[in-house]
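This report refers to the structure that appears directly beneath it.
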Amino acid sequence: MSRVESKSTHPSGDNRFKLLDRAITKHNATGNALIEVLHAAQGIFGYLENDLLIYIAHKLKLPLSRVYGVATFYHFFRLKPNGKHAFVLCTGTACYVKGAGAIQQKLEHHCNVKFGETTPDKNISLISARCVGSCGLAPVAVLDNAVVGKLTPETALQRVKQWEEKSEEVPS
Amino acid sequence: MKPRVATVWLGGCSGCHMSFLDMDERLIELADKIELVYSPIADVKQFPMNVDVALVEGAVSNNENEELAHLIRRNAKFVLSFGDCATTGNVTAMRNQFSPDEIIHRAYVELAEADPTIPSEFMTIAKLLPQAKPLHEVIPVDGFLHGCPPTPDQIWFAVSELLAGRTPVLPNAYLRYG
Amino acid sequence: MAILTLTINGEHVSGKDDESLLDIARQHDVHIPTLCHLDGLSDVGACRLCLVEVEGQSKLFPACTTKPQEGMVIRTDTERLKKYRRTIIELLASEGNHQCAVCVVNNHCELQNLAYDVDLQYVRFPYLYPKKELDATHEDFVIDRNRCVLCTRCVRVCHEVEGAHTWDIAGRGIDCTIIADMNQPWGTSASCTSCGKCVRVCPTGALFEKGQTVAEMEKQRDFLKYIVHARQKREWVAEQIEEE
Amino acid sequence: MTLEDLNELAEKELERQKNFKNRLLYCSAAGCVSCGSNATRDAFKKSLKEKGLDKEVEVLGTGCMGLCGEGPLVKVGSDDTLYQRVDENAAARIVDEHLLNANKVAENLINPDDPFFASQMKIVLENCGKINAESIEEYIAAGGYQALAKALTEMSQDEVIDEVRKSGLRGRGGAGYPTGLKWGIVRKAKGDQKYVICNADEGDPGAFMDRSVLEGDPHRILEGMALAGYAVGASQGYIYVRAEYPMAIERLKLAIKHAERLGLLGNRIFESQFNFRIDLRIGAGAFVCGEETALIRSIEGRRGRPRPRPPYPSEKGLFGAPTLLNNVETYANIAPIINRGSAWFASIGTPKSTGTKVFALAGKIKNTGLIEVPMGIPLRKIIFDIGGGTPEGTEFKAAQTGGPSGGCIPNDHLDIPVDYESLATVGSIMGSGGMIVMDSESRMVDVAKYFMEFCADESCGKCVPCRVGTKHIYLLLDKISNGKATQDDIALLEELCVMVKETSLCGLGQSAPNPVLSTLRFFRHEYEELLKPALHFEQSEKSR
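Protein chains in written order, with the numbering used here: chain F, 32 to 203; chain D, 710 to 887; chain B, 8 to 251; chain G, 39 to 582.
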C-alpha cells in the first residue's frame, strides 16, 4: 500500500501546488467545487494544462473526462497559455452596434491571427468577450486588465502597435 | 414523339448507371419507349436541348460538374437526383474534410506509382470545388432516388412513373440510404 | 404508486404514475420515435424526437422524461410533430458525416431507420461536413466521431452501468465531441475496462467492433435490460426479460 | 445583533458623516472606473490636502450614478450637484471653485432638470450613487437590514411571502413569473434542506443592470436573499456571479464578510431561530447558465447543460433539494417591499407589472447608461426623453429589448407601455433589461445574424434543435446577408425558426429565434432587398 501523505505536494516540487491545495481544502475537496477549483488553478497557473487537470481530478476524486468536459465547456477556462499581452474585445450588443466588428477586422488583419488566437511570437492574444458590462463606453476592450472605452479601429491598432514596439525593444 | 431522356454521370462511381443497366430485359422495353439523348453509355458530347427527363448520378464535385448541372437545369424539364451521391453527397463528399490541394496531392503525388506530378492548369483536368455538394444544393431538383446504388426495381419504378407522365413519389418502402 | 387514466391519440389508456409517457405509449403500441432514449439508461430529453402535444399546454413535452397526470390528453402523431421530427433528422444528417454506403451498421442503424420513419427524401440544409476524428487506437473497438449524433448513450452506460466514466463530452454547441479521459486516444485510456457496452448501445456506426465491414454489425442490447433488472431487483433470470 | 444594536449602528454612522462638512462622491462602478474615476479620486484627495480640507471633506466611492457614457461622474454631497467627465483637472477645479468659493463648475455641470433624471424613479438603485458601496455602516445608516429585522422579529414566514405576493413583484430575470407564487411553492416543498440562489450571471450582451446593483449596493442583495431564505425555510444561499465582473465579486465578498462580522448573516440572526449563510459561486463564461437548471448544474461543478422541466427547481433543484432561484434585481426589490409595504409597491407601475424596472440603455443613443423607470412608461419616453434620442444626423430605427432572446421594436410601436404583456404583443420580451437602440445605419439582417451567432456559440449542445438548428439559422442569415439567397431561403429560415423555438429543450433555444422572427416581422423588406436576382430558369422551374 502506498503511504498516505498528510501534506500533498506535487512531485514536481512546484510550490504553486501548495496554493492550489489550499484552495481545494477550502472547498472540502468535493467534486461540487470543481469550477471553483478550476478558477483557483487558472488564477495560480495562468492556464489549465493537462497535468494540472489530472491533478485536480485526483484531488477531487472525479473522472478525468468529467474534469476535461467541464474545463472545455466554459469559455473562461484556457487550456493554452495566453500571449504576453491580451486584447480582450467586447463583442456585446452595444459594442457591436457601435462598431466592434470593424475593430475586430482591423486587428485580425494587422496581427494576422483570428480572435481566439495568439500571435506566433506569443506576444499578443486577441480574445473576444461576451459583454464586459461597460456598454455606456462602447466599443470597449480590456487591454491587459485595463478597461478602455470608446475605441476606434485606429486607436485600437495604435495600442497593439505599442505592445509590438515594446517587445521589439527587449533584446531576445 | 418519344420522351427524350438523358442520364448523367457527375462525381460518382457510375454504380448507379451499372444498376440502371441491371434492369436487364426491361431495358428492351424501355428502349422502345424513350429516346436516350445523352448518357455515358451513348457517345454524345454536348448535353442537348429540350430534354424531358434527366437522371443525374453523382455529387457536384468540380467546376465541370457544376457547369453541366446548370446546363441540365436549363435544358431539362424534370431533373431526378439519381442515387445517394447526388442526393446526400455520400462517398464523393467524404473528401470534404480535406482541402482540394491536399486531395490532389494525395492522388497525384502520394499514391502515384510512377511520375508523381501535380497536373498543371494547362492539362485538361477539371478544377475541384472546395467541397463536393449534393445536386440540390447547386440546382433545384424535381425528384430523388436513393440508394448506393438505387436498385433496378427502384429505377424502373421511377422511370415508369415519369413516362406515364406522373411525378414519381417513391413509396416509403423504396426509401433506403446506402 | 397509483394508476392513472389518460388519453393518447384519442384512445383511453391507463398507466402508472412513476412511468414516463413514453413507457405508457409503448405499452399500448403507440409508436413514438426516439434516439437518445434507451431502456435501462437514464433519460435526458435531448434528441427531442419524442416530443408530444399535451392538451391545454402550449409547450411540447418530451415523452421520455414527462410523467403522466390524471386525465392528460396527449397527441403523438400530429402533422406538426411529424414535421418537426423530420426536421430533427435533417439537422442530424447535416451535422455529421453520414455515409451509409460505407458504414458498418448500414441497414442496422437507428439514424437510418429514423430517416425512413420520417420519410426523409432529402436534406434541405447544407451539409456541414465537420472535420471529426476517427480513433482506432483501442484494441477491440473504434470510435468514428463522424457518425456520432451526440445522444450520450455511451457516456451514460459507461457512468451508470459500467461505473468507469471513461466517456464524457468536451466543448459545447456544435463543437461538442465525445472524449475518453483527457481527450486522449481511446487505446491509452486508463479508466476504460474494454467492456464494450458503449459500442453496443451506440445507435449508429460511431462506435463499432474492429474486424467488421460494411453492413455487418448488428448491435446486441439485451444485456442492458438484463443487468439493470439484476441490479434493481436482484433477480438474474433472463427469461423474465425476454417475456417483456 | 438586535434591532436596537442596528439602530445604534445607524446613528453612529450618521454621526460620523456629520463630522464632515461635505462629501465628494465619485462613481466607482466599472463604467466610470474604466473612464479613470480612480485618478479623479486621487486628484480630489491631493487637492483637498493641498487646501487643508482633507479632514473636512470625505471622498467616497459609490455605485453607478447612471450616465455611464459621460463618466467619470462626481456628486457634491452638500447640494447634490452632479458633474460629468471629471478628469484630474476638473477635480482640482471643483475643489477650488465649488468647495472653496461656492461657484459651480459650469463646464462639467449636469443639469438636474434634464429629463434623463426627471423621468426616472429609483427603488432598486436608490442607494447607488449615494452610499459607499464598501461600507456596511453606510448601508445600515440608509435604512439597511431594517426589513430583515422587521421580518425576523415581527413577521411569520407566510406573512413575508404574502407581502411579496401582494406587491405583485414579478421575476426581473426576463420571464416575469410572480415572485410571491414561486416563494410559496418552495416554502411548501418537502425537504429538510432548501437553498436560495441569486442568479447574477448577467449574460445578455448589452446589459449591466445587475452588475451595477452588485457593485453599488451589494448588501441590498444579501438582505433580499436572507429575507427569501427566512420565508422559504432555507439556511444556505448561493450567489452565482459572472467571472467577467471582478469588481462585483470583490464587493460581494467584502459585503458577506462585513455582514457575517455583524451577525447579519450566520446563526440566530436578530436573535431569532433563523440561520443563513451565503456563498459565492463564480460563473465561467457560459450564457446558458442563466437558465435555472443549467445554473444549478454549474453550482454543482458540472457542465452547464439544462435538463427538462418538470421537475422545477422549486421541487428538485440544487443537490436535489427544493431551491428558490431569483435574479439580482428581484432580490433588490424585496427589502423595500417589506419596509414600505406591498400596497406602496403595487401602486407603482401598472396593475399587472408593478414596481420599477432597471434598463441598461446603450447603442445609438445620446445618453447611454443605467436608468430605472416605473413599469408601464411609454417606450418613446425612455428613448427620447431619458435617452435623448439618437445622435445628431441619424434617425431612430428600432429598440432592441431582451438581448439574444428578445426582439426589435420599430418606430410605429414606440408608444407601447413597457410592461411584460405589452412587449410580448410586439414579439419582444422584457428580458433582464438590456435596451439597445439602432439607428438608420443599422442593418437589421446583420443584427439578427449577430444575435444568432451569439446563440449558436452559446448553445450548450445538448438538444438537437438548438445545437444544429441555430447553426443553420445563422448560415441562412449569412447567405441572405451576402446576397446569395432566394425567397425559398427566407421561407426555410422562417420554418426553422419556428421549429427551433418550439422544440428546443431550454429557454436559450426556445428564444434564440426571436431576434430573427421579430426583424422578419417588422423589417422583412430589408431581408427581401438582399435576395439575389432570380435567374430566368429558376423562376420557371420550381424546386420540389
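Glycine is no exception: its CB is placed at the ideal position from the N, C-alpha and C atoms.
Identity of the residue in the options nearest residue i by Cα
| i | options | result |
| --- | --- | --- |
| LYS509 of chain G | G:LEU531, G:LEU333, G:VAL71, G:THR524 | G:LEU531 |
| SER519 of chain G | G:LYS59, G:GLU49, G:ALA486, G:ALA494 | G:ALA486 |
| ALA60 of chain G | G:LYS87, G:LYS93, G:GLU430 | Per the sequence shown, the amino acid found at residue 60 of chain G is Asn instead of Ala. Nearest of G:LYS87, G:LYS93, G:GLU430 to ASN60 of chain G, Cα basis: G:LYS93. |
| GLY262 of chain G | G:MET247, G:LEU138, G:PHE422, G:ILE376 | G:ILE376 |
| LYS226 of chain G | G:LYS89, G:GLY431, G:GLY271, G:THR541 | G:GLY271 |
| PRO170 of chain F | F:PHE107, F:CYS126, F:LEU157 | F:CYS126 |
| ALA281 of chain G | G:ALA324, G:LEU41, G:ARG299 | G:ALA324 |
| GLY130 of chain F | F:LEU95, F:GLU185, F:LYS115 | F:GLU185 |
| MET102 of chain G | G:LEU138, G:LEU408, G:ASN45 | Before going on, a small fix: residue 102 of chain G reads as Cys here, not Met. Minimum Cα distance to CYS102 of chain G is reached at G:LEU408. |
| ARG55 of chain B | B:TYR134, B:ASN104, B:LEU42 | B:LEU42 |
| VAL133 of chain G | G:LEU91, G:GLY472, G:ILE169 | G:LEU91 |
Contact under 9 Å by Cβ, residue i with residue j
| i | j | result |
| --- | --- | --- |
| GLU367 of chain G | SER470 of chain G | yes |
| HIS140 of chain F | VAL191 of chain F | no |
| THR860 of chain D | SER748 of chain D | no |
| GLY47 of chain B | VAL235 of chain B | yes |
| LEU45 of chain B | LEU214 of chain B | no |
| ALA77 of chain G | PHE108 of chain F | no |
| GLN239 of chain B | ARG207 of chain B | no |
| ILE337 of chain G | ILE467 of chain G | no |
| LEU736 of chain D | VAL714 of chain D | no |
| MET490 of chain G | PRO553 of chain G | yes |
| VAL61 of chain B | ILE31 of chain B | no |
| ASP188 of chain B | CYS202 of chain B | no |
| GLY44 of chain F | PRO243 of chain G | no |
Min CB distance residue i to chain B below 9 Å
| i | result |
| --- | --- |
| LYS580 of chain G | Model confidence at LYS580 of chain G stands at a pLDDT of 42, short of 50, so the residue's coordinates are unreliable and nothing is read from them. |
| ASP495 of chain G | yes |
| LYS842 of chain D | yes |
| SER37 of chain F | Residue confidence is low: SER37 of chain F scores 44 on pLDDT, short of 50, so the model does not pin down where it sits. Its coordinate-derived value is still stated next. So, not an interface residue. |
| CYS725 of chain D | no |
| THR186 of chain F | no |
Unbroken alpha helix (DSSP H) run spanning residue i, endpoints
| i | result |
| --- | --- |
| SER21 of chain F | Residue 21 of chain F cannot be examined here, being either before or after the span of chain F that is shown, 32 to 203. |
| ALA122 of chain B | 117 to 124 |
| ASP444 of chain G | Per the sequence shown, the amino acid found at residue 444 of chain G is Gly instead of Asp. Note, GLY444 of chain G: premise wrong, no alpha helix (DSSP H); not H, not E. |
| VAL198 of chain G | 195 to 205 |
Endpoints, the beta strand (DSSP E) within which residue i is located
| i | result |
| --- | --- |
| ALA841 of chain D | 837 to 842 |
| ILE205 of chain F | The structure shown does not extend to residue 205 of chain F, since chain F spans only 32 to 203, so no value can be given for it. |
| TYR369 of chain G | First-last for TYR369 of chain G: 366 to 370, but that is the alpha helix (DSSP H), not the beta strand (DSSP E). |
| THR220 of chain B | Note, THR220 of chain B: premise wrong, no beta strand (DSSP E); not H, not E. |
| ASP438 of chain G | It is Gln, not Asp, that sits at residue 438 of chain G in the sequence shown. Counting along the chain, the beta strand (DSSP E) containing GLN438 of chain G begins and ends at 434 to 439. |
Within-9 Å CB hit, residue i to chain D
| i | result |
| --- | --- |
| ARG154 of chain B | no |
The ligand PLP heavy atom lying under 8 Å from the CB of residue i
| i | result |
| --- | --- |
| GLU86 of chain B | Because no ligand of any kind appears in the structure shown, any question about the ligand PLP cannot be addressed here. |
Min CB distance residue i to chain F below 9 Å
| i | result |
| --- | --- |
| CYS498 of chain G | yes |
| ASP50 of chain B | no |
| LYS402 of chain G | yes |
Chain G within 9 Å of residue i, Cβ atoms only
| i | result |
| --- | --- |
| ALA125 of chain F | yes |
| PHE108 of chain F | yes |
| ILE150 of chain B | no |
| ILE66 of chain F | yes |
(request) Indicate whether the contact test is met: 3 or more Cβ pairs, each with one atom in the stretch 480 to 500 of chain G and one in the stretch 175 to 183 of chain B, closer than 8 Å. (result) yes
(message) Does the stretch 798 to 814 of chain D come into contact with the stretch 869 to 884 of chain D, if we say contact requires no fewer than three beta-carbon pairs (one atom in each stretch) closer than 8 Å?
(response) no
(request) Mind the definition here: the stretch 99 to 114 of chain G touches the stretch 62 to 73 of chain G only if three or more C-beta pairs lie below 8 Å; say whether that holds. (result) yes
(request) Flag this pair as touching only if the stretch 180 to 193 of chain G and the stretch 450 to 466 of chain G have three or more C-beta atom pairs under 8 Å; answer yes or no. (result) no
(request) Could you say if the stretch 215 to 224 of chain G and the stretch 278 to 296 of chain G meet the contact criterion of at least three C-beta pairs nearer than 8 Å? (result) no
(message) With three or more C-beta pairs closer than 8 Å as the rule, is the stretch 415 to 424 of chain G touching the stretch 231 to 242 of chain G?
(response) no
(message) Assess contact between the stretch 357 to 366 of chain G and the stretch 376 to 390 of chain G, defined as three or more Cβ pairs (one per stretch) separated by less than 8 Å. Is contact present?
(response) no
(request) Answer yes if the stretch 91 to 100 of chain B comes into contact with the stretch 123 to 139 of chain B, meaning at least three C-beta pairs across the two stretches below 8 Å, and no otherwise. (result) yes
(message) If contact is defined by three or more beta carbon pairs under 8 Å, each pair taking one atom from either stretch, is the stretch 242 to 259 of chain G in contact with the stretch 146 to 166 of chain F?
(response) yes
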